[in-house]
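Residue numbers (the numbering used here): 7 to 151.
Just so it is clear, CB atoms sit at the ideal spot from N, CA and C, and this is done for glycine as well.
Small disclaimer: the values here were computed from a predicted structure and weren't measured.
Structure first, commentary second.
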């Protein structure tokens, strides 16, 4: 199996930040999208993995699933006052829907020890895409800052 060169990269969008996350599997590409998101908010290398959250979501297609996954991460970040640095997902298809089961780990925000990045206000559907390119999965989206 070929190894992905990088888990994610960013691209410029006026007043926002775009991302493309990569993976050998669709699961890994979604995990790296979560990692990209929290690297906008803070430096994930300084976020401990001492609190765990499990959740699942169902959506009608893979793009909606990506949007809903990132929305749930943003919701947990804001409501629980958490930063996350570890993402494990399992995506499956059942009947007419896609299901994502997630286990994420992180720690409560402490701006005395965590680097402050940019605040993400929302996830947008604009340019959001899930595709396979040269054998690698790529998921693309934009964060509204």
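Quiz prompt | Boundaries (first-last residue) of the beta strand (DSSP E) holding residue 139 | solution = 128-139
Quiz prompt | Rounded Cβ spacing between residue 239 and residue 97 (contact assumed at less than 8 Å) | solution = With the chain covering only 7 through 151, there is no way to say anything about residue 239.
Self-check item: Top-ranked residue by Cα proximity to residue 66, from 101, 81 and 149
Solution: 101
Exercise. Measure the C-alpha to C-alpha separation of residue 139 and residue 25 and round it to an integer number of angstroms.
Key: Roughly 16 Å separates the two Cα atoms.
Quiz prompt | Coil, strand or helix - residue 16 by DSSP | solution = Reduced to three states, the DSSP call for residue 16 is strand.
Quiz prompt | Reference residue 86, options 57, 76, 43 and 36, closest by Cα | solution = 57
Quiz item: Does DSSP put residue 87 in a helix, a strand or coil?
Solution: Reduced to three states, the DSSP call for residue 87 is coil.
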